[in-house]
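Asks: Please read through the structure below; I'll follow up with questions.
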Amino acid sequence: MLNTSISDSSSEPSSASLPPLEHLSFQEAIDEHQLEQYDPYNPYSYPESYAGHNGQSSEDDGQPPSANPYDLHPDQMMGYDGTAMDMYYPTPMTFTRQPLNYHLYTLPRPEALAHKYFISDDIREELQKRSETVHTTAPASLGLPDELQGYHSLVPLEPVGGERRKFGNWYSMVYRATSSNDGSTFVLRRIENFRLMQQTAFSSIEAWSRLRHPNVISVHEAFTTRAFNDSSLVVVYDDHPNAQTLYEAHIKPKAPQFQNGRLQAQSNRIAERTVWSYVIQIANAIKAVHDAGLAVRLIDPTKILVTGKNRIRIGSCGVVDVLTHDVQTDVSFLQQDDLTMFGALIFMLCCNNLAAMNNMQKAIDHLGRNYSADLKSVALFLISKAGPHKNIGQLFDMIGSRLLTELDEAQNAVDRLEGELMTELENARLVRLLCKFGFINERPEHNHETRWSETGDRYIIKLFRDYVFHQVDEMGRPVVNLTHVLACLNKLDAGTDEKIMLVSRDEQSCLVVSYREVKACIDSAFRCVSLCG
Ligand SMILES: Nc1ncnc2c1ncn2[C@@H]1O[C@H](COP(=O)(O)OP(=O)(O)OP(=O)(O)O)[C@@H](O)[C@H]1O
């Protein structure tokens, strides 16, 4: 069995995941008096102090100064910790990483729209962070190969320099890289100084690459390379940006935090429900692996990833098979070993201690005191002596109705996501409309006509644009109301018969038109532009 050396990395920098986001809502930055005047239903109505001296928006659209992330000191930037990646590299970065403002679109959004028209902040932020992580680049000073068997733009996912990372007895490093084939990112685990004795060592990788399971990180391929100036083994996996290992998520000691004015230690205790969810997902993964005639061979908190809310995936599959190809071992023996490692993992998680198995009795007592008898029975079953009847299927008999709870949760999660997706359904429709506006309005010239966009049907479109976007209140201040814009655009897209009054800019004339008529004007003007294009 592979003896994975696990160093206590409590003092080590965290991995590629970004630091927790500090929500700097701008309401926090304004005083109570200003808040009283703030209209929460008007998405862009800012307190007086953010408007220009004449009561109109200032040039920066009346945004509070702190809402612009680029104006802030890096330490204050939302969700941005410049040191998060820098600490991986021994030499200082020579570029400035511009942070995303995750709240760019929704900071001033009215409460009433919160879950109606837009995906929820949490999910959007999470997805944007993942996308930002994928686009991180490494400094050239690291001297990484430019190209590696169809992969480029390598970025280490572990600190470089300092103590070298080990995978069993081998030095190892994990990189994110982009595939030249399809532009997707993958994760490459490199094992240094590996000498391939026989090509058949890769036969297990072929078997692993055929296995697709929601709780196993898919294996794509493996190859040897001299691109790192040695003979390295590289195994390629699906990328799950911003994933944390179980160790990072639950075992690594957390820094104490201020609570009620006092610095307090943070508990790492995992809720029983979460442990059961993990147990079921890992058992499910092991069953799929065993059914495929393989063995996981490495069930360890540093090699299992949490890739979303309580979503677990076993990683680093196949590497041990290649590394120990010359040692012939019966697969059923290795599968029994998987169950023992799985049992040990439950103890480590419940005791928040990688070394829990060093004091068996203490670990059993701890688990018994803090968790249910059922969980203790499952853990004890897994570490019990191997036998012909001990298999992963038997574990499912023990789990019983908890499987149904997990199924309920999974279905609820799908429903939630479908709900989120629904909120984005109409976005493309409105963007298409806005694009048409953009093509038509203020077009300097069309068919040698310099006043094309101001005359004929286009004049109605111009007035309609004023009606949607350029209304002012009785004090002459811009009415910046997202609800009005969305309502108008939706009615326009539907072409309703509702009539609206469009007023010329000099207020000397007005036109009463239906949305249906405005829609016809836009369609014909856009056709005219696109046919000549
Ligand atoms: N498939 C993957 N997708 C995304 N991130 C991954 C993937 N595999 C590994 N990682 C990330 O790479 C980092 C390094 O992985 P590794 O398996 O070396 O874990 P580790 O915690 O550094 O363990 P060790 O101490 O044994 O080196 C981890 O933070 C992990 O989150």
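Quick note, the sequence shown lines up with residues 1 to 533 if you use the UniProt record's numbering.
For every residue, glycine included, the Cβ atom is placed at its ideal position computed from N, Cα and C.
#1: Express the C-alpha separation of G183 and G150 in angstroms, rounding to a whole number.
#2: With distance defined between alpha-carbon atoms, name the residue in P388, G318, V479 and V513 nearest to D457.
#3: Taking the runs of the alpha helix (DSSP H) that are 4 residues or longer, which of them lie wholly in the stretch 366-452?
#4: Just checking T136 against ligand 1 - is the residue's beta carbon closer than 8 Å to any of the ligand's heavy atoms?
#5: Have a look at N229 and L489 and give me their C-alpha separation to the nearest angstrom.
#6: Return the residue from the list R190, M173 and T224 that minimises the CA-CA distance to Q198.
#7: Do you know how far the Cα of A249 is from the Cα of G368?
#8: Short check: CB of V529 to CB of R416, under 9 Å?
#9: Give me, in chain order, the residues of the same chain whose beta-carbon lies closer than 8 Å to that of S134; leave out the 5 immediate sequence neighbours on both sides.
#10: Between R516 and R505, what straight-line distance do the alpha-carbon atoms span, to the nearest angstrom?
#11: Going by Cα to Cα distance, which pick from E132, C435 and V155 is closest to P139?
#12: DSSP state of A140, grouped into three classes?
#13: Just to confirm before moving on: does the CB-CB distance between Y371 and E272 stay below 9 Å?
#14: Considering just the uninterrupted stretch of the alpha helix (DSSP H) at A177, what are its terminal residues?
#15: Just verifying my parser: in three-state terms, what is the DSSP assignment at A67?
#16: Mind checking K499: buried by the 16 CB within 10 Å criterion, or exposed?
#17: Classify L157 as buried or exposed, calling it buried when 16 or more other Cβ atoms lie within 10 Å of its own Cβ.
#18: For D146, is the classification buried or exposed, using 16 other Cβ atoms within 10 angstroms of its Cβ as the cut-off for buried?
#19: Look up D338 in the DSSP assignment and say whether it is helix, strand or coil.
#20: Confirm the yes/no value for this check: CB of E132, any heavy atom of ligand 1, distance under 8 Å.
#21: Got a sec? Which residues, its chain only, sit under 8 Å from A288 by beta carbon, not counting five neighbours each side?
#22: Going by DSSP, what residue range makes up the alpha helix (DSSP H) through I286?
#23: Does the structure place the stretch 347-366 close enough to the stretch 393-406 that three or more beta carbon pairs sit under 8 Å?
#24: Could you give the uninterrupted runs of the alpha helix (DSSP H) lying entirely in the UniProt region "Knob domain" (440-533), keeping only those of 4 residues or more?
Replies: Concretely, from the data shown:
#1: By 1-based counting over the sequence shown, the position of residue 150 is 150. By 1-based counting over the sequence shown, the position of residue 183 is 183. Spanning the two alpha carbons is a distance of roughly 10 Å.
#2: Numbered from its first residue, the sequence shown carries residue 457 at position 457. It is V513.
#3: 373-383, 392-399, 402-424 and 427-440
#4: Start at 1 with the first residue of the sequence shown, and residue 136 comes out as number 136. No, the Cβ of T136 stays beyond 8 Å of every heavy atom of ligand 1.
#5: Locating residue 229 in the sequence shown gives position 229, counting from the first residue. Locating residue 489 in the sequence shown gives position 489, counting from the first residue. Roughly 59 Å separates the two Cα atoms.
#6: For the purposes of this step, residue 198 is taken as the residue at position 198 of the sequence shown. When each option's Cα is compared against that of Q198, the closest is T224.
#7: Within the sequence shown, the letter at position 368 stands for residue 368. Within the sequence shown, the letter at position 249 stands for residue 249. If you take the alpha carbons of G368 and A249, they lie about 22 Å apart.
#8: Within the sequence shown, numbered from 1, the residue matching residue 529 stands at position 529. Within the sequence shown, numbered from 1, the residue matching residue 416 stands at position 416. No, the pair does not count as a contact, with Cβ atoms beyond the cut-off.
#9: In the sequence shown, residue 134 corresponds to position 134, counting from 1. The question names Ser, but residue 134 is Val in the sequence shown. Taken in chain order, the residues that qualify are R176, T185, D239 and P241.
#10: Numbered from its first residue, the sequence shown carries residue 516 at position 516. Numbered from its first residue, the sequence shown carries residue 505 at position 505. Those two C-alpha atoms are separated by around 22 Å.
#11: On the sequence shown, residue 139 is found 139 positions in, with the first residue counted as 1. Cα-wise, what sits closest to P139 is V155.
#12: Residue 140 sits at position 140 when you count from the first residue of the sequence shown. Note: A140 maps to helix in three-state DSSP.
#13: To locate residue 371, count along the sequence shown from 1; it is residue 371. To locate residue 272, count along the sequence shown from 1; it is residue 272. A contact, by the Cβ cut-off of 9 Å.
#14: Here residue 177 is taken as the residue at index 177 of the sequence shown, counted from 1. Here A177 belongs to no alpha helix (DSSP H); instead the beta strand (DSSP E) covers W170 to S179.
#15: As a working mapping, residue 67 is identified with position 67 in the sequence shown. Any answer about A67 is weak, because its pLDDT of 36 lies below 50 and its placement is not dependable; what the coordinates show is given next. In the structure shown, A67 sits in a helix (DSSP, three-state: H, G or I).
#16: Residue 499 sits at position 499 when you count from the first residue of the sequence shown. With fewer than 16 Cβ atoms within 10 Å of its Cβ, K499 is classed as exposed.
#17: To locate residue 157, count along the sequence shown from 1; it is residue 157. Under this definition L157 is a buried residue.
#18: Translated into positions along the sequence shown, residue 146 becomes position 146. D146 should be labelled exposed.
#19: Mapped onto the sequence shown, residue 338 falls at position 338. Correct three-state label for D338: helix.
#20: Start at 1 with the first residue of the sequence shown, and residue 132 comes out as number 132. Checking every heavy atom of ligand 1 against the Cβ of E132, none is found closer than 8 Å.
#21: Reading the sequence shown from its first residue, position 288 is the one you call residue 288. Cβ within range, chain order: L211, H213, N215 and V216.
#22: Your numbering for residue 286 matches position 286 in the sequence shown. Where I286 is concerned, the enclosing alpha helix (DSSP H) stretches over E272 to D291.
#23: no
#24: 457-469, 482-494 and 515-532
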